[in-house]
Each structure stands twice: as structure tokens, then as C-alpha cells.
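Numbering (the numbering used here), first residue to last: -12 to 166.
A virtual CB, placed ideally from N, CA and C, is assigned to each residue, including glycine.
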């Protein structure tokens, strides 16, 4: 898996693309969306095998889970608004935040792959290009030499593209705002 830091960075750059008037609360929930799929590591404590439906990188990493979680989070934000537009903008944003987790995990160089299409197909997939160093599971293992290697890898393969996307979005919004 990519680290929580790498996942959160994606949301900050996605959040920059939100229409004017969106709060950091939405972005904060987006950050939570990016780490929610990894709650499946608790399955190890219950003896659930990595490769099972409920195992690590199983259903909670699927596109269906991302959609369901996106709708749930959007519903929470849209309770006070009768404007359906905001519900759908929130749904798409939270879906993308949650799905980005699986996308980054499929770009790592370790694990068994990601069950993108679960529950219909539990096959685990990696992308052909896997430049991101896989993060060790657990804080104690992460805060080690291996964790430092992961952060360096993520700075290149996640950080640079996210900063570029953030700056590009900033410049585009600024240019549009002047018209």
C-alpha cells in the first residue's frame, strides 16, 4: 500500500479542483475517505487471509465500495442542502478520493494486488507500471529505514504530480476568475 501521507496528498490536490466556496471540512472528509479502505488490515487480527473477499486490498478497495462510501459521505454533507447539484459534486469528489486509494495501491511494488471489481470479480490487479515502494503495515514498521524509503518514493511518484496538479488548478482558476 501507499502510505497515509501519499493518499492524503492526492486529496489535497483534488480538493483544489472543487468549485469555489467549498470548505476544508470537505477536504478533511476526503482525506478520511482515502484511508478508510485500509481499515481492512484489521482482518489480519481476526484470522481473515489477505487474499479473501474481506482481506487486505479486497472489497474495501473496490470501485463499488468507493461509490457506496462516496454516496454515504455526500449524504452526510447534503443533509442541510436541498440542492442536488451539491450532492452529486460531493459524491463524485468522495468517490474519487476513496478510489484513489486503490489506484495508488495498484501502483505499488508489493502485496497481492487490488480487487477493483469486487464483489463481481475478486481477482487482484496491479498496474503494469509499479513505481511506488510499498509501505509496511503498522506504525512501528513504517517509522524505520523502510518507511523513509517509502516516503522518498512517494515524494517522487505522488508528491511531484500532486503539486503540479495543485499549481495547474490554481493557475487555471485564477485565469478563469480574471475573465
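Closest residue to residue i among the options (Cα-Cα distance)
{"i": "residue 140", "options": "118, -2, 156", "result": "118"}
{"i": "residue 111", "options": "100, 121, 135", "result": "100"}
{"i": "residue 75", "options": "106, 5, 138", "result": "5"}
{"i": "residue 26", "options": "47, 34, 155, 33", "result": "47"}
{"i": "residue 55", "options": "108, 24, 156", "result": "24"}
{"i": "residue 113", "options": "49, 134, 33, 34", "result": "49"}
{"i": "residue -7", "options": "108, 137, 160", "result": "137"}
DSSP state of residue i mapped onto helix, strand, coil
{"i": "residue 21", "result": "helix"}
{"i": "residue 85", "result": "helix"}
{"i": "residue 101", "result": "strand"}
{"i": "residue 112", "result": "strand"}
{"i": "residue 249", "result": "Residue coverage of the chain in this structure runs from -12 to 166, which leaves residue 249 outside it and unanswerable."}
Distance between beta carbons of residue j and residue i, contact taken as under 8 angstroms
{"i": "residue 77", "j": "residue 65", "result": "6 angstroms"}
{"i": "residue 152", "j": "residue 0", "result": "5 angstroms"}
{"i": "residue 124", "j": "residue 28", "result": "6 angstroms"}
{"i": "residue -4", "j": "residue 97", "result": "Incorrect: roughly 20 angstroms between the Cβ atoms, too far for contact."}
{"i": "residue 85", "j": "residue 21", "result": "7 angstroms"}
{"i": "residue 45", "j": "residue 102", "result": "5 angstroms"}
{"i": "residue 53", "j": "residue 82", "result": "5 angstroms"}
Touching or not, the region 10 to 26 and the region 34 to 41, by the rule of three or more beta carbon pairs under 8 angstroms? Short answer: they don't touch.
Jot down the residue ranges of each uninterrupted beta strand (DSSP E) in the region 33 to 78, minimum 3 residues, whole runs only, in chain order. Unbroken beta strand (DSSP E) runs of no fewer than 3 residues, entirely contained in the region 33 to 78, are not found.
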